[in-house]
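Heads up: the protein sequence lines correspond to chains S and E, in order. All residue numbers in the first sequence are consecutive under our numbering, ending with 77. All residue numbers in the second sequence are consecutive under our numbering, ending with 313. Beta carbons are placed, not taken as given, at the ideal position from N, Cα and C, and that holds for glycine. What follows is one structure encoded as structure tokens, with my remarks underneath.
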Amino acid sequence: MSEHISCEDVIERLLEFLDQELDAGAQRAIAQHMEACRACFSRAEFERRLRTRVAETGEVSAPESLRRRVRAIIERY
Amino acid sequence: MTRGIADAHTQQHASSGRRGGRTRRPRDARVVTPRAGPCVGDRRRVFEVEVDRLMDRLYGTALRLARNRADAEDVVADALAKAWAGFDALQDLQSFEKWIFRILVNTFISEQRRRRARPVEERIDGDEELDRFSLFETVHQPFLLWWSNPEQQLLDRLLREDIEQALEALPEEFRVVVIMVEVSGFSYAEAAATLEIPIGTVRSRLSRGRAALQRALWQQASHLGIAVADARGVVR
């Protein structure tokens, strides 16, 4: 049995939902709400895409000079 | 992570010997203590494999935190020196990834504290409206739902550089939490433990940091002229 939640509740807890920081019941309730609510689904998709773009800023190739430096640290001891 | 460690274990006794040599930075040596024992070679191999696997992500996180390449390299090198020195104390190799990212973030924070004679408070003034800013609500036009999608178009038009600049503009206390959760994948509890702050503070900083990030993106988009919707609601 899942709790009924409003769009306002969903928006209030959306980021924690996307971070999977809510308890299982709340996660399930919001997921079910999304299946029937296009407005909340659209907003969630936007937030997902934005956080993907933010996460991608951490995808950087480490320079070879750093890899050599780290190898030297490890090999020295 | 599991795969990497497993691979390393299958390559036991394959470690390289000590080859001597010194790094150019004395502070790398400052935190490392000599290691000894019959399993040093095996442990070294595990450490090397895991570090090699995570190196790009470690550097990427450090670069977002430090905001320049030289400092990011120093943060990674110092963190890995500390990690290698303390690797024997790590009992659960499955937690290697979280463990080493925690060391990375703490190394960055320690270095920031060391650089400041007095901590710089760069808080965003408490403004409830600003703290709840939503890029989606600002751009979204529900009556256009079926034939236009301005918010998605805005995201498409933002360059990676725009997002990096918006991240870099965040006050440090917000930026660190946003990067930990969104870039490095920390849970709220892990971020709280690493930063030694209550989980409620993590929630608050994350919420305000995300709002500030979206506000900065909106300002950049407006400045660049990519967030202006025409009469049909199409973002130009």
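If I measure Cβ to Cβ from residue i and keep anything under 8 Å in the same chain, skipping five residues before and after, which residues do I get?
{"i": "Leu-247/E", "result": "Val-255, Gly-286, Ala-289, Leu-290 and Ala-293"}
{"i": "Ala-166/E", "result": "none"}
{"i": "Arg-280/E", "result": "Tyr-265"}
{"i": "Leu-18/S", "result": "Ala-44, Glu-47, Arg-48 and Arg-51"}
{"i": "Leu-22/S", "result": "Arg-13, Glu-16 and Ile-30"}
Leaving out the 5 sequence neighbours to the left and right, which residues in its chain are closer than 7 Å to residue i when beta-carbon positions are compared?
{"i": "Glu-267/E", "result": "Lys-175"}
{"i": "Leu-283/E", "result": "Val-254, Val-255 and Val-258"}
{"i": "Ile-74/S", "result": "none"}
{"i": "Met-34/S", "result": "Cys-40, Phe-41 and Ala-44"}
{"i": "Ile-276/E", "result": "Tyr-265, Ala-266 and Ala-269"}
Identify, in the order they occur along the chain, each residue of the same chain with its Cβ nearer than 6 Å to the Cβ of residue i, setting aside the five sequence neighbours on each side.
{"i": "Phe-263/E", "result": "Met-257"}
{"i": "Ala-143/E", "result": "Ala-149 and Val-152"}
{"i": "Ile-180/E", "result": "Ala-156, Lys-159 and Ala-160"}
{"i": "Asp-316/E", "result": "Residue 316/E is absent from the model: chain E starts at 78 and stops at 313."}
- At a Cβ cut of 7 Å, what residues of the stretch 119-150 of chain E count as close to chain S, listed as they run along the chain? Arg-121, Phe-124, Glu-125, Val-128, Met-132, Asp-133, Arg-134, Tyr-136, Gly-137, Thr-138, Leu-140, Arg-141 and Glu-150
- Pairing CB atoms from the stretch 182-189 of chain E with CB atoms from the stretch 148-155 of chain E, are three or more of them under 8 Å? yes
- Contact residues within the stretch 43-60 of chain S, judged by C-beta distance below 9 Å to chain E: Arg-43, Glu-45, Phe-46, Glu-47, Arg-49, Leu-50, Arg-51, Arg-53, Val-54, Ala-55, Glu-56, Thr-57, Gly-58, Glu-59 and Val-60
- Name the residues in the stretch 253-269 of chain E whose C-beta lies less than 9 Å from a C-beta of chain B; which are they? No chain B appears in this structure, whose protein chains are S and E.
- Query: Counting pairs of Cβ atoms below 8 Å between the stretch 51-61 of chain S and the stretch 296-303 of chain E, do you hit three or more?
  - Reply: no
- On the three-pair Cβ rule with 8 Å, is the stretch 134-151 of chain E touching the stretch 223-238 of chain E? no
- Item | Chain-ordered residues of the stretch 7-33 of chain S with a beta carbon less than 7 Å from chain E | Leu-15, Asp-19 and Glu-21
- Task: Run through the stretch 125-178 of chain E for me and flag every whole alpha helix (DSSP H) of 4 or more residues, listed as ranges in chain order.
- Result: 146-163
- Message: Counting only Cβ-Cβ distances shorter than 9 Å, please list the residues of the stretch 160-176 of chain E near chain S, keeping chain order.
- Response: Trp-161 and Ala-162
- Task: Return the chain-ordered ranges of every alpha helix (DSSP H) run that is complete within the stretch 225-271 of chain E and spans a minimum of 4 residues.
- Result: 227-234, 237-245 and 249-255
- On the three-pair Cβ rule with 8 Å, is the stretch 10-17 of chain S touching the stretch 42-53 of chain S? yes
- Note down, one range per segment and in chain order, each alpha helix (DSSP H) of at least 4 residues found wholly within the stretch 23-61 of chain S. 24-36 and 38-56
- Message: Please list, in chain order, the residues of the stretch 228-240 of chain E that have any C-beta partner in chain S closer than 8 Å.
- Response: Glu-228, Gln-229, Leu-232, Leu-235, Arg-237 and Ile-240
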